[in-house]
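Numbering (the numbering used here), first residue to last: 140 to 383.
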């Protein structure tokens with residue numbers, strides 16, 4: 140399966156990543172990607188970028204050497220009520236939004252409470268991607284998650300980084316397999332992302348592709364299996380309104 144874009148990538152603006160945006164873009168071009176997405180951590184996580192950084196994305200070109208450049212953020216869930224470090228001005232400025240749970244910020248609840256939190260977040264139509272819902276520290280009812288994602292047209296992320304030998308998310312492989320099972324059952328779309336923290340990992344989907352093959356997951360439900368799949372994950376913004 141060929142994948143055409145990578146939207147979950149981090150630069151030195153996340154401070155725990157090690158490449159510049161320009162280095163990441165160069166790597167994406169070398170991989171032959173159709174589109175590349177910037178998605179540094181939002182401001183409440185330690186070392187995250189500040190709000191002004193996200194609000195000034197109009198300065199970033201929409202295309203470089205024929206590759207589309209999309210500007211987004213990885214937003215942090217702050218509590219089980221679904222509060223996030225996403226301001227209204229940021230929301231309006233971002234081409235796409237990934238929302239993820241990070242245990243340094245979020246104190247997980249029960250499986251039911253965690254699932255309800257995700258469901259509440261998915262009611263916002265501008266939040267198109269739920270990032271790496273695959274860590275047993277934040278237990279999830281994958282049947283309910285996939286069913287609600289289908290209803291709200293939210294895309295679930297298959298995170299390549301979760302599956303690497305150095306991946307730190309607990310039981311990620313087992314959880315991803317279960318997520319894919321229910322995504323197939325309900326016809327829920329997924330997006331494969333690298334979650335790169337160094338430029339050489341941009342566009343690296345090796346482990347994600349392996350598990351997709353193992354699970355015999357339908358290619359038509361993988362949004363980045365074709366360039367047009369971008370329409371499922373981007374919002375209308377100053378930058379995207381004339382991009383397509």
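All residues carry an ideal CB built from backbone N, CA and C; glycine is no exception.
Excluding the 5 residues preceding and the 5 following residue 154 in the sequence, name in chain order all residues of the same chain whose CB lies nearer than 6 Å to its CB.
Taking the first residue of the chain shown as position 1, residue 154 is located at position 15. Excluding positions up to five away in sequence, the list reads 186.
Cutting at 8 Å between CB atoms, please list the residues of its own chain near residue 197, excluding the five before and the five after it.
Counted from its first residue, the chain shown places residue 197 at position 58. Counting only Cβ-Cβ distances below 8 Å, and skipping sequence neighbours, we find 232, 377, 378.
Which one of 277, 173, 294 has the shortest CA to CA distance from residue 360?
Along the chain shown, read from residue 1 onward, the residue named residue 360 stands at position 221. Of the candidates 277, 173, 294, the one whose C-alpha sits nearest the C-alpha of residue 360 is 294.
From residue 166 to residue 338, what distance separates their C-alpha atoms?
The sequence position of residue 166 within the chain shown is 27, counting from 1. The sequence position of residue 338 within the chain shown is 199, counting from 1. Residue 166 and residue 338: Cα-Cα distance of roughly 6 Å.
Please classify residue 232: does DSSP put it in a helix, a strand, or coil?
By 1-based counting over the chain shown, the position of residue 232 is 93. Note: residue 232 maps to helix in three-state DSSP.
How close, in whole Å, do the beta carbons of residue 229 and residue 188 come, if the pair is a contact with beta carbons under 8 Å?
Translated into the one-based positions of the chain shown, residue 229 becomes position 90. Translated into the one-based positions of the chain shown, residue 188 becomes position 49. Contact flag wrong, Cβ pair sits at about 10 Å.
Taking DSSP's pairing of strands, which residues face residue 207 in a bridge?
Counting from 1 along the chain shown, the entry for residue 207 is found at position 68. Paired residues: 174, 202.
Apart from the five residues on each side of it in sequence, which residues of its chain come closer than 7 Å, Cβ to Cβ, to residue 303?
Against the chain shown, residue 303 aligns to sequence position 164. So the qualifying residues of the chain are 346.
With a cut-off of 8 Å, do at least 3 Cβ pairs link the region 255-262 to the region 218-226?
yes
Is the distance from the Cβ of residue 312 to the Cβ of residue 373 below 9 Å?
Position 173 of the chain shown, counted from the start, is the residue given in the question as residue 312. Position 234 of the chain shown, counted from the start, is the residue given in the question as residue 373. In this structure, residue 373 does not lie closer than 9 Å to residue 312 by Cβ.
Where residue 320 and residue 283 are concerned, what is the direct C-alpha to C-alpha distance, given to the nearest angstrom?
Counted from its first residue, the chain shown places residue 320 at position 181. Counted from its first residue, the chain shown places residue 283 at position 144. When the Cα atoms are used, residue 320 and residue 283 turn out to be separated by approximately 12 Å.
Give a yes or no on whether the C-beta atoms belonging to residue 144 and residue 174 are separated by under 9 Å.
Here residue 144 corresponds to residue number 5 of the chain shown, with the count starting at 1. Here residue 174 corresponds to residue number 35 of the chain shown, with the count starting at 1. At a Cβ-Cβ threshold of 9 Å, residue 144 and residue 174 count as neighbours.
Comparing C-alpha positions only, which one of 168, 212, 238, 225 sits nearest to residue 202?
As a working note, residue 202 is residue 63 in the chain shown. Per the Cα distances, 168.
Is the beta carbon of residue 310 sitting closer than 9 Å to the one on residue 273?
To locate residue 310, count along the chain shown from 1; it is residue 171. To locate residue 273, count along the chain shown from 1; it is residue 134. Cβ atoms of residue 310 and residue 273: closer than 9 Å.
How many Å lie between residue 177 and residue 236 at the Cα?
Residue 177 sits at position 38 when you count from the first residue of the chain shown. Residue 236 sits at position 97 when you count from the first residue of the chain shown. One C-alpha to the other measures close to 10 Å.
Between which two residues does the alpha helix (DSSP H) holding residue 296 run?
In the chain shown, the residue the question calls residue 296 occupies position 157. Note, residue 296: premise wrong, no alpha helix (DSSP H); beta strand (DSSP E) at 294-298.
Tell me the DSSP secondary structure of residue 383 in three-state form.
Looking up residue 383 in the chain shown gives position 244. Three-state DSSP puts residue 383 in coil, outside helix and strand.
Identify whether residue 196 lies in helix, strand or coil by the three-state DSSP scheme.
Here the question's residue 196 lines up with position 57 in the chain shown. In the structure shown, residue 196 sits in a helix (DSSP, three-state: H, G or I).
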